[in-house]
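**Student:** To convert, note that position 73 of the sequence shown is 180 in the numbering used here; the numbers rise steadily by one, no gaps.
Let me begin by handing over the structure; questions about it come next.
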Amino acid sequence: MTATTATEPRVIARKKRTAGARAKSVIWHLALLAVLVVVLYPAFWVLTAAVKPNADILTSISPIPTSITWEHFASAFDGMAGVPLWRFFWNSFVIAALSVVGILASCSITAYALGRLEFPGRKAMFAVVIATLLLPGQVMLIPQYLIFSEMDVVNTIFPLVIGKFLGLDAFFVFMYVQFLRGIPRELDQAATIDGAGHFRIFFSIMLPLLRPAIVTSSIFTFIWSWNDFMGPLIYLHEIEKFPLPRLLQSYNNTEAVSNYGGMMAMTLLSLVPVVLFFLVFQKFLIKGIATSGVKG
Numbered sequence: 108m109t110a111t112t113a114t115e116p117r118v119i120a121r122k123k124r125t126a127g128a129r130a131k132s133v134i135w136h137l138a139l140l141a142v143l144v145v146v147l148y149p150a151f152w153v154l155t156a157a158v159k160p161n162a163d164i165l166t167s168i169s170p171i172p173t174s175i176t177w178e179h180f181a182s183a184f185d186g187m188a189g190v191p192l193w194r195f196f197w198n199s200f201v202i203a204a205l206s207v208v209g210i211l212a213s214c215s216i217t218a219y220a221l222g223r224l225e226f227p228g229r230k231a232m233f234a235v236v237i238a239t240l241l242l243p244g245q246v247m248l249i250p251q252y253l254i255f256s257e258m259d260v261v262n263t264i265f266p267l268v269i270g271k272f273l274g275l276d277a278f279f280v281f282m283y284v285q286f287l288r289g290i291p292r293e294l295d296q297a298a299t300i301d302g303a304g305h306f307r308i309f310f311s312i313m314l315p316l317l318r319p320a321i322v323t324s325s326i327f328t329f330i331w332s333w334n335d336f337m338g339p340l341i342y343l344h345e346i347e348k349f350p351l352p353r354l355l356q357s358y359n360n361t362e363a364v365s366n367y368g369g370m371m372a373m374t375l376l377s378l379v380p381v382v383l384f385f386l387v388f389q390k391f392l393i394k395g396i397a398t399s400g401v402k403g
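If you want it as structure tokens, here you go:
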């Protein structure tokens, strides 16, 4: 005699939220929406100011334009002082691209030396590199300008990119070192037994494994160099050599009527490459931060 028992599916009763919990949730979401509005308002204001007449930008407090004009974008595409718009984009691209190449070449090699090689004073040198993060960049502006002036390279892009090729960016050196600490040293030892030198180990083994950190540093360097204003303001004096951030300052003329609408239109156009660059490499950026920031 067999007994058949039917097993009924377990039903997990959902906890009913009280009125107080629902009210708390509503208040929390409303607060988040209010913060979101505050954060997005400047971007919305720039977007609407780009299609407003100049007379309405500073006189009207409403972000909604009463009339829409596209003359600001038309004037932006015409360039400035006879220099076409593509030239300013090209200047920004050259500076950003050289900065990316310099950071990848110098900081990765510097990090490999500080993170994988054993030599006297290595820890002290790494401590000095990290200590430079505490030094404000404005402190070095005058000494650097005097040096570049003596070298007769002012009004060129040389002062804007040479530091990137000398491994002077301690943030990226630290990031590479932290990533290298998570790579097993057995790889170095196995390559050394096979007869590989330090350059072969770096280029054939370490560099491919550094890809997430390389992508992360490339994205940050490109965005920071593309948006850099202080460097071009100090070292570049001729308008045909201006990158886009330096061009934006030219729309604000203290001796005449400032073209705020043109400035807003040019701001939106200058953001397009940065936004596209970020969207394309966003997944690599997140992966690089996750894998390089928790090592060590």
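The beta carbon of each residue, even a glycine, is placed where N, CA and C say it ideally should be.
Here the structure is a predicted model, which means the values were calculated and not measured.
Could I get the ranges of all uninterrupted alpha helix (DSSP H) runs contained in the region 167-211, with 4 residues as the minimum, in chain order?
**Tutor:** 178-185
**Student:** Could you give the distance in angstroms between the alpha-carbon of Pro205 and the alpha-carbon of Val268?
**Tutor:** Along the sequence shown, read from residue 1 onward, the residue named residue 205 stands at position 98. Along the sequence shown, read from residue 1 onward, the residue named residue 268 stands at position 161. It is Leu, not Pro, that sits at residue 205 in the sequence shown. A straight-line Cα-Cα distance of about 7 Å links Leu205 and Val268.
**Student:** Looking only at its own chain, which residues have a Cβ that is under 6 Å from the Cβ of Val381, when we skip the five neighbours before and after it?
**Tutor:** On the sequence shown, position 274 is the one that residue 381 refers to. Closer than 6 Å at Cβ, skipping near neighbours: Ile330, Trp333.
**Student:** Quick one, are the C-beta atoms of Phe255 and Pro350 less than 8 Å apart?
**Tutor:** Taking the sequence shown and counting its residues from 1, the one referred to as residue 255 is at position 148. Taking the sequence shown and counting its residues from 1, the one referred to as residue 350 is at position 243. Remark: C-beta atoms of Phe255 and Pro350 do not approach each other more closely than 8 Å.
**Student:** Do you know whose CA, among Ala212, Leu386, Asn161, Ala162, lies nearest Leu317's CA?
**Tutor:** Along the sequence shown, one-based indexing puts residue 317 at 210. Considering only alpha carbons, the answer is Ala212.
**Student:** Assuming contact is defined by CB atoms lying nearer than 8 Å, are Val201 and Glu347 in contact in what I supplied?
**Tutor:** The sequence position of residue 201 within the sequence shown is 94, counting from 1. The sequence position of residue 347 within the sequence shown is 240, counting from 1. No; because the gap between Cβ atoms is not below 8 Å, this pair is not in contact.
**Student:** Between Ala157, Gly209, Gln285, which lies nearest to Ser174 when the distance is taken from Cα to Cα?
**Tutor:** Within the sequence shown, numbered from 1, the residue matching residue 174 stands at position 67. With distances taken between Cα atoms, Ser174 lies closest to Ala157.
**Student:** Since Ile290 contacts Ala298 with CB under 8 Å, what's their CB separation in whole angstroms?
**Tutor:** Position 183 of the sequence shown, counting from 1, holds the residue named residue 290. Position 191 of the sequence shown, counting from 1, holds the residue named residue 298. The Cβ separation is near 12 Å, so there is no contact.
**Student:** When DSSP labels each residue in this structure, what does Thr125 get in the three-state scheme?
**Tutor:** For the purposes of this step, residue 125 is taken as residue 18 along the sequence shown, with counting starting at 1. Three-state DSSP puts Thr125 in coil, outside helix and strand.
**Student:** Can you tell which of Met370, Asp295, Tyr283, Val142 has its C-alpha closest to the C-alpha of Ser325?
**Tutor:** The residue given as residue 325 occupies position 218 in the sequence shown. Checking every option, the nearest Cα to that of Ser325 belongs to Tyr283.
**Student:** Specify, as a first and last residue, the run of the alpha helix (DSSP H) that Tyr358 falls within.
**Tutor:** Mapped onto the sequence shown, residue 358 falls at position 251. Looking at the DSSP string, Tyr358 is not in any alpha helix (DSSP H), and its letter there is neither H nor E.
**Student:** Do the region 241-251 and the region 180-187 make contact, defined as three or more Cβ pairs closer than 8 Å?
**Tutor:** no
**Student:** Can Tyr342 and Pro227 be called in contact, C-beta distance under 8 Å?
**Tutor:** Within the sequence shown, numbered from 1, the residue matching residue 342 stands at position 235. Within the sequence shown, numbered from 1, the residue matching residue 227 stands at position 120. For Tyr342 and Pro227, no; Cβs fall outside 8 Å.
**Student:** So what does DSSP say about Arg307, is it helix, strand or coil?
**Tutor:** The residue you call residue 307 lines up with position 200 of the sequence shown. Three-state DSSP puts Arg307 in a helix.
**Student:** Looking at the structure shown, is Asn52 part of a helix, part of a strand, or coil, going by DSSP?
**Tutor:** What the structure shows of the chain is the stretch from 108 to 403, and residue 52 is not part of that stretch, so it cannot be assessed.
**Student:** Determine the direct distance from the alpha carbon of Ile171 to that of Asn161, and round the result to whole angstroms.
**Tutor:** Counted from its first residue, the sequence shown places residue 161 at position 54. Counted from its first residue, the sequence shown places residue 171 at position 64. When rounded, the distance between both Cα atoms is 14 Å.
**Student:** Give a yes or no on whether the C-beta atoms belonging to Phe233 and Leu241 are separated by under 8 Å.
**Tutor:** Walking along the sequence shown from the start, residue 233 turns up at place 126. Walking along the sequence shown from the start, residue 241 turns up at place 134. No, the Cβ-Cβ distance between Phe233 and Leu241 is not below 8 Å.
**Student:** Does the separation of the CB atoms of Leu355 and Leu154 fall below 8 Å?
**Tutor:** Counting from one through the sequence shown, the residue named residue 355 turns up at place 248. Counting from one through the sequence shown, the residue named residue 154 turns up at place 47. No.
**Student:** Quick one: using the 10 Å Cβ neighbour count with 16 as the cut-off for buried, is Arg129 buried or exposed?
**Tutor:** Taking the sequence shown and counting its residues from 1, the one referred to as residue 129 is at position 22. Counting other Cβ atoms within 10 Å of its Cβ, Arg129 stays below 16 and is therefore classed as exposed.
**Student:** Just how far apart, CA to CA, sit Val145 and Leu139?
**Tutor:** For the purposes of this step, residue 145 is taken as the residue at position 38 of the sequence shown. For the purposes of this step, residue 139 is taken as the residue at position 32 of the sequence shown. Each residue's alpha carbon lies about 10 Å from the other.
**Student:** Whole-angstrom Cβ separation of Leu287 and Arg223, contact assumed at under 8 Å?
**Tutor:** Against the sequence shown, residue 287 aligns to sequence position 180. Against the sequence shown, residue 223 aligns to sequence position 116. Contact flag correct, Cβ pair sits at about 6 Å.
**Student:** Considering only the alpha carbon of each residue, which of Ala231, Phe272, Ala277 lies closest to Pro243?
**Tutor:** Position 136 of the sequence shown holds residue 243. Taking only the C-alpha atoms, the option nearest Pro243 is Ala277.
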